[in-house]
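Notes for the one structure printed next.
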Amino acid sequence: MYGYGNNPSQGDTWFVENDNEVAFVTVSGDGNCIPMNSNSFIGNPRMMNSITLSNYVPNISDPSMFDIPEECKNVV
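Numbering (my numbering), first residue to last: 191 to 266.
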């Protein structure tokens, strides 16, 4: 269970295995599949990477963040 107080959120955790990596990825269980947490174990010797998403906002407050800069528009 994620969240706090009166705002609990159930997560669905998936086990993902790919070549030299295994990961446990948790997304929201409400059908929106919002990433919540990921724990990856990579390589030999093993390295661990842990990511937790917080302060999620369900919209983009500034869509111009995705505008391609002028100097990048002609790059091949």
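Each residue gets a CB set at the ideal place from its N, CA and C atoms; glycine is no exception.
For residue i, the first and last residue of its enclosing beta strand (DSSP E)
i: V206; result: G201 to N208
i: E136; result: Residue 136 lies beyond the stretch modelled for the chain, which goes from 191 to 266, so this question has no answer here.
i: P235; result: Neither: P235 is in no beta strand (DSSP E) and is coded neither H nor E.
i: G193; result: Y192 to Y194
Residue i, buried or exposed, once every other Cβ within 10 Å from all chains shown has been counted against 16
i: M237; result: exposed
i: M226; result: buried
i: T216; result: buried
Pick from the options that is closest to residue i, judged by C-alpha positions
i: W204; options: A213, S254, P198 and L243; result: A213
i: G221; options: G201, L243 and V247; result: G201
i: D209; options: I224, S230 and V265; result: S230
i: N239; options: P198, E211, S199 and C223; result: E211
i: S228; options: E260, S218 and I241; result: I241
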